[in-house]
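**Student:** Quick note on numbering: the working numbering labels position 267 of the sequence shown as 337, and the sequence is numbered without any gaps. Sending over a structure as structure tokens; questions will come in a sec.
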Amino acid sequence: MNEHTGPARSLCVIGCGPRGASIVERILANVPALYGDRPLDLHIVDPYPPGAGRTWRTDQSGLLWMNSAAEQVTMYPDESVECDGPPRPGPTTAGWLDATLHDGAYAARRDQGRYLRHFFATVTRERPASVRLYVHRARVTDLRRTAADGDAPDAAAPDGRSRQQVILDSGEPPFLADRVVFAQGHTETLAAPVPAGLTRIGPGPADAAALERIPPGAPVVVRGLGLVFIDCLALLTEGRGGRFVRTPDGALRYLPSGREPRLYAGSRRGVPLPPKPAKAAPGAPATVPSPAPAAAPRFATVDACRARLSRPGASFARDAWPLVVAELGWCHYRALFAEAPARTRMTWQDFDAQYAVLITDADRLAKLARAAVPDPADRLDLDRLAAPLAGLRFAGTEDLQRQLRGHLAEVLQRRTGPARGVDTALVDALQRVGSVIEELWRSGDLDAHHVAEALRHFALGTYLSSGPPPLRAAQLLALAEAGIVTFVGPEMRVVALAGDGAAERAEGGAVFRATSPAVPGAVHEAAVLLDARLAAPAPDRVTDPLLRALLSRGELVQEHDEDGAGGMLQLSGGGLHPVDASGAVHRDRVIAGPAQFPRPHTNAVYFRQNDALARGLLTDG
């Protein structure tokens, strides 16, 4: 074991992708004020390059892009961030990269990795002289508590009077840590077993090596139409030599290489994520400039939501969600009145004044919207946006394909055309209220039931605001038109049939069978299932050896809530300390889950939370 000489405190950050690297930066930024020149040992453990981590590796395909515009991504907390630690201004991804941006705004994931590695190298190179840095390219397989003197094991002492022995898979001797941060990002899971003769890929991020083993022309059932699906599409089409070309009328057309598989894709909604709104309409200027996004929420503020949630018997759905809906509606109509005043029947000033009075009365808000906006298509209908195919039935597979291609083309036009400002305003609002919900969660204002309700309701926000770059959506439409992608329909069901279960098929053999109740009689079969999604991990399927060990001993406990919090770890308050099976809080451990990249000049909750966590690590907070 690496015994430390002197009174040096030892901190360990497990996982050094963006979240871990940001916490490291905040630790180093706060050391001078909180720790002075006392010695501090800082251990970083990650098998992947620090800063980039697994997701942002610099050796991955350039076909994998970010879904956030490079100018809207930063790792540097600027002066807008309201936190106790000092700011560290620095460039955005776009400001630092010397690489070409895709679709005019988006960096390749490997180029984002270069930015992240540069960030980590910069902040650690400039660290205070009192900080000794240790970078371990390894995985942590276990944490074992020791008594304060480092000798006798004391596994039941999460009270700060013990240290933790950090055990690695690299063969290095274990080392001791006073405080440990878990920042491993999205948890990987083992694929469920399947009958002999079948192949299942995922769930998890796009696996280039596994995708390469799919034979050309093979049918593949795909479960999930989100960002993992978009990544897999790029690797299975352009990655196999296919090309996209522009036709004379400006549409996109796919020229196959002949090596592509045939993809039968579906999900619960049955439709892909809408793309991010375009920064500039291709070939056409905007008609009327939209108002600038509000700097902060008007109705769904942290204080307003917190006040409602503090009421006895409060429910997120009943008390906080109406404020979110009011916020989204206000931003939608504000942009509509600015962009298309001819499509309204009153002045914005009159509408705004009435809206502010009625925000807690959904029925009267709907009546106001009907009076002010005559065309139902111009009104905000969250249910319709959340489930475009709900209640529909299709005459057959071709009927579904025709209608879905029309839907994709309409959404693409709405988000890239001259009138895209209304959708842009809604996406901006969703991102702001999403930050409010995250802040409430990370600060401990949401208990497990509130979190479950919030996740269930804000799945809408993830769907509407987390889509791919517009060009990727146009490419998907071209692939659907070329017959490479066939949509299965909403509420897709996938079953694995062994050879005897598929005996009615002429060729026999095991298959995955995909169906949708919206397309009666349509059946799609394949020997390969691509689970293109990030699934909530079950304890017995977690691949991370450290999480497996702590879960097995009850030192970590997962929430079990049928409403949506299942798979999340039980945490205590804003310090994000884990709670074990006995109810004890491990205050010398912090669970820093994955989070979206922060935007510059927005007082990002990402930086405020990381700063608070870092200061707690340095002060026993």
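Yeah, the Cβ is synthetic: ideal placement off N, Cα and C, and Gly gets one too. Small disclaimer: the values here were computed from a predicted structure and weren't measured.
Could you give the residue range of the beta strand (DSSP E) that holds Y176?
**Tutor:** It is not in any beta strand (DSSP E) - Y176 carries neither H nor E in the DSSP assignment.
**Student:** Check D420 in the structure and name its three-state DSSP category.
**Tutor:** Correct three-state label for D420: helix.
**Student:** Tell me whether S642 sits in a helix, a strand or coil according to DSSP, three-state version.
**Tutor:** Strand at S642.
**Student:** Assuming R494 contacts P540 (C-beta within less than 8 Å), just tell me the rounded distance between them.
**Tutor:** With the sequence shown as reference, residue 494 is identified as Thr, and Arg is not the correct amino acid for it. At roughly 12 Å, the Cβ-Cβ gap does not stay under 8 Å, so T494 and P540 are not in contact.
**Student:** Sorted by chain position, which residues of the same chain lie with C-beta nearer than 7 Å to A99's C-beta, five sequence neighbours on each side aside?
**Tutor:** G155, P156 and R158, listed in sequence order.
**Student:** Considering only the beta carbon of each residue, do D389 and R376 sit closer than 8 Å?
**Tutor:** In this structure, R376 does not lie closer than 8 Å to D389 by Cβ.
**Student:** Could you tell me how far apart the beta carbons of Y334 and V298 are, in whole angstroms, since I believe they sit closer than 8 Å?
**Tutor:** Not quite, the Cβ-Cβ distance comes to about 16 Å (not below 8 Å), so this is no contact.
**Student:** Only counting runs of 4 or more residues, tell me where the alpha helix (DSSP H) segments fall wholly within the stretch 137-168, in order along the chain.
**Tutor:** You should have 163-166.
**Student:** Strictly by DSSP, which residues pair up with C82?
**Tutor:** Answer by DSSP bridge pairing, in chain order: H113 and V250.
**Student:** Helix, strand or coil for R313, going by three-state DSSP, please let me know.
**Tutor:** If DSSP states are grouped into helix, strand and coil, R313 belongs with the strands.
**Student:** For the stretch 141-152 against the stretch 104-120, do three or more pairs of beta-carbon atoms, one drawn from each stretch, fall closer than 8 Å, so that the two count as touching?
**Tutor:** No: the two stretches stay apart, fewer than three of their Cβ pairs being nearer than 8 Å.
**Student:** Whole angstroms are fine: how far does the CA of R685 sit from the CA of N673?
**Tutor:** About 18 Å.
**Student:** Which word fits H647, buried or exposed, when buried means at least 16 other C-beta atoms lie within 10 angstroms of its C-beta?
**Tutor:** The residue in question, H647, is buried, as its Cβ has 16 or more Cβ neighbours within 10 Å.
**Student:** Consult DSSP for E625 and reduce its assignment to one of helix, strand or coil.
**Tutor:** Coil.
**Student:** By how many angstroms is the C-alpha of G123 removed from the C-alpha of L186?
**Tutor:** Near 9 Å, if we compare the C-alpha coordinates of G123 and L186.
**Student:** Look at D658 and Q234 and say whether their C-beta atoms are less than 8 Å apart.
**Tutor:** The answer is yes: Cβ separation under 8 Å.
**Student:** Pick out whichever of Y403, G644 and R329 has its Cα sitting closest to the Cα of G514.
**Tutor:** It is G644.
**Student:** Which residues bound the beta strand (DSSP E) around F557?
**Tutor:** From DSSP, the beta strand (DSSP E) with F557 extends over V555 to F557.
**Student:** Under a Cβ-count criterion, where at least 16 other Cβ atoms within 10 Å of its own Cβ denotes burial, should Q483 be classed as buried or exposed?
**Tutor:** Answer is exposed; the Cβ neighbour count stays below 16.
**Student:** Can you give me the C-alpha to C-alpha distance between R542 and G296, rounded to a whole angstrom?
**Tutor:** Roughly 12 Å separates the two Cα atoms.
**Student:** Please list the segments of the alpha helix (DSSP H) lying wholly inside the stretch 258-340, counting only runs of 4 or more residues, in order along the chain.
**Tutor:** Entirely contained in the stretch 258-340, the alpha helix (DSSP H) runs reaching 4 residues are, in chain order, 278-282 and 297-306.
**Student:** Please name the residue, chosen from G504, A103 and Q679, that lies closest to S200 on a Cα-to-Cα basis.
**Tutor:** Comparing Cα positions, the closest option is A103.
**Student:** What are the boundary residues of the alpha helix (DSSP H) that D517 is part of?
**Tutor:** Looking at the DSSP string, D517 is not in any alpha helix (DSSP H), and its letter there is neither H nor E.
**Student:** Going by CA-CA distance only, name the one from Y676, P318 and S92 that's closest to T194.
**Tutor:** Of the listed residues, the one whose Cα sits closest to T194 is S92.
**Student:** Cutting at 6 Å between CB atoms, please list the residues of its own chain near P265, excluding the five before and the five after it.
**Tutor:** Closer than 6 Å at Cβ, skipping near neighbours: A566, A568 and A580.
**Student:** Just curious, the beta strand (DSSP E) that L238 is in, first and last residue?
**Tutor:** Taken as a continuous stretch (DSSP letters only), the beta strand (DSSP E) holding L238 covers R233 to L238.
**Student:** Is P668 helix, strand or coil by DSSP?
**Tutor:** P668: coil per DSSP, three-state reduction.
**Student:** Taking 8 Å as the cut-off, does the stretch 589-597 touch the stretch 321-330 (at least 3 CB pairs, one atom from each stretch)?
**Tutor:** Touching, no, given that fewer than three Cβ pairs across the two stretches are closer than 8 Å.
**Student:** Drop a sphere of 10 angstroms on the beta-carbon of H594, count the other beta-carbons inside from all chains shown, and report buried for 16 or more, exposed for fewer.
**Tutor:** By the neighbour-count rule (16 or more Cβ atoms within 10 Å), H594 is buried.
**Student:** In the DSSP assignment, what are the bridge partners of D681?
**Tutor:** According to DSSP, which records beta bridges pairwise, D681 is partnered with nothing at all.
**Student:** How many angstroms separate the CA atom of L398 from the CA atom of A499?
**Tutor:** In a straight line, the C-alpha of L398 is about 6 Å away from that of A499.
**Student:** My output table needs one value for D373: the three-state DSSP class, helix, strand or coil.
**Tutor:** Residue state, collapsed to three classes: helix.
**Student:** Suppose the cutoff is 7 Å on Cβ atoms and the five residues either side in sequence are ignored; what does the same chain contact list for N680 look like?
**Tutor:** S92, I93 and R96.
**Student:** Do you know how far the Cα of L438 is from the Cα of G336?
**Tutor:** G336 and L438: Cα-Cα distance of roughly 37 Å.
**Student:** Using three-state DSSP, classify Y118 as helix, strand or coil.
**Tutor:** The answer is coil: DSSP assigns Y118 none of H, G, I, E or B.
**Student:** How far does the beta strand (DSSP E) with D212 in it reach, from first residue to last?
**Tutor:** Unbroken beta strand (DSSP E) run through D212: V210 to T216.
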